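Q: So the protein sequences, as listed, match chains L and E. Using UniProt numbering, the letters of the first sequence correspond one by one to residues 1 to 137. Using UniProt numbering, the letters of the second sequence correspond one by one to residues 1 to 137. Where a beta carbon is used, it is the ideal one built from N, C-alpha and C, also for glycine. All values derive from a computational prediction rather than experimental measurement.
Number of protein chains: 2
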Amino acid sequence: MTELSRYERDLKNAGLRITQPRRIILQILEQSGDHPDATEIFQRAAKMDARISLATVYRTMKVLEETGAVERHAFQGGPARFEQADREHHDHLIDIETGAVVEFTSPRIEELQRTIAEELGYEIVDHRLELYGRKIR
Amino acid sequence: MTELSRYERDLKNAGLRITQPRRIILQILEQSGDHPDATEIFQRAAKMDARISLATVYRTMKVLEETGAVERHAFQGGPARFEQADREHHDHLIDIETGAVVEFTSPRIEELQRTIAEELGYEIVDHRLELYGRKIR
DNA sequence: ATGCAAATGCGAACCATTCTCATTAAGACT
DNA sequence: AGTCTTAATGAGAATGGTTCGCATTTGCAT
Ligand SMILES: [Mn+2]
Ligand SMILES: [Mn+2]
Ligand SMILES: [Zn+2]
Ligand SMILES: [Zn+2]
């Protein structure tokens, strides 16, 4: 009676162990609708199991990034922020006043990026598009 | 017989002093065609005046950023990189194999960004578009 | 149930950047 | 040219996010 989530299966397939910390962190990411940083994940995890360490959070985030379970963002200034990777690709607009993160998608921009890279003789492996803006009142 | 560069004039106008370190760092940026980080600027500066300190490089970069003389980039992972700000706006494609930085411009992407932000009720204050790619053989 | 490698917890180390503070030097005014 | 005021500097300590080292624990294949 092992209820493996999709990500737990991915861990297993990658030859990695499904440990208590990993299970918990994965669960937190599943529940989180925001883009928490390592410290925030650590705090949320502590509520479920007080002996998880910050180092493990960092290590786990790296592992999960490698297995494709999470995506890492490095917004202007602050620490790295994470989010589950099972959603449709999207980019971010950060409200410079409140820090709020708004998600958006633009097939046309994605397409243009590919075209530009191609013209320069490159294939895109990854990209980063962040808009920093202020609410129009 | 004071030959003030455009940026030295900007410093003066901002009520800031035109010091030896600032003069040198400005000169380095003028000559550099790449995107050096603080340490690299420090090393290049040391060749012209060995007593410039790394702390001053950092402080100067902040000041120059504020006066609009330089632009700061934070590419994936590494330290902040700088470049003179007197050029036309452009974005960057980073070769993930060599680290080479290729510049490009896309009026259409710039325009799309504005449109998207507007639809979300925001006005763009800044943005960041970085493509990470691999050379097509 | 046992054994072994992988993962963890803890603190130390790391690295880029910022800060503190005593000293130096712009540059305004004589 | 000399003096004065205060911004800027140099040196090193401090910081903050992240990674490492190592003894201990734990997952899991047998
Ligand atoms: Mn997101
Ligand atoms: Mn550039
Ligand atoms: Zn995108
Ligand atoms: Zn742009």
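1. Could you pull out every residue in the same chain whose Cβ sits closer than 8 Å to the Cβ of residue 31 of chain L, ignoring the five residues on either side in sequence?
2. Compile a chain-ordered list of the residues in the segment 104-128 of chain E whose CB is closer than 7 Å to at least one CB of chain L.
3. Say the cut is 7 Å; is the CB of residue 131 of chain L nearer than that to a heavy atom of ligand 3?
4. Give the DSSP-derived three-state secondary structure of residue 104 of chain L in the structure shown.
5. Work out the CA separation of residue 58 of chain E and residue 49 of chain L for me, nearest whole Å.
6. Does any heavy atom of ligand 1 sit closer than 7 Å to the C-beta of residue 35 of chain L?
7. Measuring only from the beta carbon, is residue 110 of chain L closer than 7 Å to any heavy atom that is part of ligand 4?
8. Spatial neighbours of residue 24 of chain L within its chain, please: CB distance less than 6 Å, with the 5 preceding and 5 following residues excluded, ordered by chain position.
9. Quick one: Cα of residue 35 of chain E to Cα of residue 81 of chain E, how far?
10. Does the segment 64-80 of chain L come into contact with the segment 106-120 of chain L, if we say contact requires no fewer than three beta-carbon pairs (one atom in each stretch) closer than 8 Å?
11. Could you give the distance in angstroms between the alpha-carbon of residue 92 of chain L and the alpha-carbon of residue 131 of chain L?
12. Between which two residues does the beta strand (DSSP E) harbouring residue 124 of chain L extend?
13. Can the beta-carbon of residue 84 of chain L be found less than 8 Å from the beta-carbon of residue 120 of chain L?
14. May I ask you to report which of helix, strand or coil DSSP gives residue 49 of chain L?
15. Just checking: is the beta-carbon of residue 133 of chain L within a distance shorter than 8 Å of some beta-carbon in chain E?
16. How long is the line joining the alpha carbons of residue 95 of chain E and residue 101 of chain E, rounded to whole angstroms?
17. Against chain E, does residue 83 of chain L count as a neighbour if the rule is that its beta carbon must be under 8 Å from one of theirs?
18. If I'm right that residue 26 of chain E touches residue 42 of chain E with Cβ under 8 Å, what's the distance once you round it to whole angstroms?
19. Alpha carbon to alpha carbon, what distance is there between residue 17 of chain E and residue 116 of chain L?
20. To the nearest angstrom, how far is the alpha carbon of residue 122 of chain L from that of residue 135 of chain E?
21. Considering only DSSP beta bridges, list what residue 72 of chain L is partnered with.
22. Mark residue 133 of chain L as exposed unless 16 or more other C-beta atoms lie within 10 angstroms of its C-beta, in which case mark it buried.
23. Where does residue 144 of chain E fall in DSSP's three states?
24. Of the residues that make up the segment 87-106 of chain E, which ones have a beta carbon closer than 8 Å to any beta carbon in chain L?
25. For chain E, is any of its Cβ atoms less than 8 Å away from the one on residue 71 of chain L?
26. In whole angstroms, what is the alpha-carbon distance linking residue 38 of chain L and residue 76 of chain L?
27. Within this structure, are the beta carbons of residue 10 of chain E and residue 56 of chain E separated by less than 8 Å?
28. Does the beta carbon of residue 130 of chain L sit closer than 8 Å to a beta carbon anywhere in chain E?
A: With the structure as the only source:
1. Position 31 of the first sequence, counting from 1, holds the residue named residue 31 of chain L. No residues qualify anywhere along the chain.
2. 104, 106, 108, 109, 112, 113, 116, 117, 120, 121, 122, 123, 124, 125, 126, 127, 128
3. Looking up residue 131 of chain L in the first sequence gives position 131. Residue 131 of chain L: no, Cβ never under 7 Å from ligand 3.
4. Here residue 104 of chain L is taken as the residue at index 104 of the first sequence, counted from 1. DSSP places residue 104 of chain L in strand when its eight states are reduced to three.
5. The residue you call residue 49 of chain L lines up with position 49 of the first sequence. The residue you call residue 58 of chain E lines up with position 58 of the second sequence. So the alpha carbons of these two residues sit roughly 41 Å apart.
6. In the first sequence, counting from the first residue as 1, residue 35 of chain L sits at position 35. Yes, the beta carbon of residue 35 of chain L sits closer than 7 Å to at least one heavy atom of ligand 1.
7. Within the first sequence, the letter at position 110 stands for residue 110 of chain L. Checking every heavy atom of ligand 4 against the Cβ of residue 110 of chain L, none is found closer than 7 Å.
8. By 1-based counting over the first sequence, the position of residue 24 of chain L is 24. Around residue 24 of chain L: 45, 48, 49.
9. One-based indexing of the second sequence puts residue 35 of chain E at position 35. One-based indexing of the second sequence puts residue 81 of chain E at position 81. If you take the alpha carbons of residue 35 of chain E and residue 81 of chain E, they lie about 5 Å apart.
10. no
11. Working through the first sequence from its first residue, we reach residue 92 of chain L at position 92. Working through the first sequence from its first residue, we reach residue 131 of chain L at position 131. The straight-line gap from Cα to Cα measures roughly 6 Å.
12. For the purposes of this step, residue 124 of chain L is taken as residue 124 along the first sequence, with counting starting at 1. Taken as a continuous stretch (DSSP letters only), the beta strand (DSSP E) holding residue 124 of chain L covers 122-135.
13. Start at 1 with the first residue of the first sequence, and residue 84 of chain L comes out as number 84. Start at 1 with the first residue of the first sequence, and residue 120 of chain L comes out as number 120. Result no, Cβ atoms of residue 84 of chain L and residue 120 of chain L do not sit closer than 8 Å.
14. Sequence index remark: in the first sequence, residue 49 of chain L carries index 49 (1-based). Residue 49 of chain L falls in the coil class under three-state DSSP.
15. Position 133 of the first sequence holds residue 133 of chain L. True, the Cβ-Cβ gap to chain E drops below 8 Å.
16. Taking the first residue of the second sequence as position 1, residue 95 of chain E is located at position 95. Taking the first residue of the second sequence as position 1, residue 101 of chain E is located at position 101. In a straight line, the C-alpha of residue 95 of chain E is about 6 Å away from that of residue 101 of chain E.
17. Residue numbering aside, residue 83 of chain L sits at position 83 when the first sequence is read from its first letter. With 8 Å as the cut-off, residue 83 of chain L does not count as an interface residue toward chain E.
18. Numbered from 1 along the second sequence, position 26 holds the residue referred to as residue 26 of chain E. Numbered from 1 along the second sequence, position 42 holds the residue referred to as residue 42 of chain E. Not quite, the Cβ-Cβ distance comes to about 14 Å (not below 8 Å), so this is no contact.
19. Position 116 of the first sequence, counted from the first residue, corresponds to residue 116 of chain L. Position 17 of the second sequence, counted from the first residue, corresponds to residue 17 of chain E. Distance between the alpha carbons of residue 116 of chain L and residue 17 of chain E: 42 Å.
20. Along the first sequence, read from residue 1 onward, the residue named residue 122 of chain L stands at position 122. Along the second sequence, read from residue 1 onward, the residue named residue 135 of chain E stands at position 135. The straight-line gap from Cα to Cα measures roughly 4 Å.
21. If you number the first sequence from 1, residue 72 of chain L lands on position 72. DSSP, once it has assigned bridges, lists L/82 as partnering residue 72 of chain L.
22. Within the first sequence, the letter at position 133 stands for residue 133 of chain L. So residue 133 of chain L ends up on the buried side.
23. No information on residue 144 of chain E is available, as it lies outside the stretch 1 to 137 that chain E covers here.
24. 93, 95, 96, 102, 104, 106
25. The residue you call residue 71 of chain L lines up with position 71 of the first sequence. With 8 Å as the cut-off, residue 71 of chain L does not count as an interface residue toward chain E.
26. Taking the first sequence and counting its residues from 1, the one referred to as residue 38 of chain L is at position 38. Taking the first sequence and counting its residues from 1, the one referred to as residue 76 of chain L is at position 76. One C-alpha to the other measures close to 16 Å.
27. In the second sequence, the residue the question calls residue 10 of chain E occupies position 10. In the second sequence, the residue the question calls residue 56 of chain E occupies position 56. It is not a contact, given that the beta carbons lie outside the stated cut-off.
28. Locating residue 130 of chain L in the first sequence gives position 130, where the first residue counts as 1. Yes, residue 130 of chain L counts as interfacial toward chain E.
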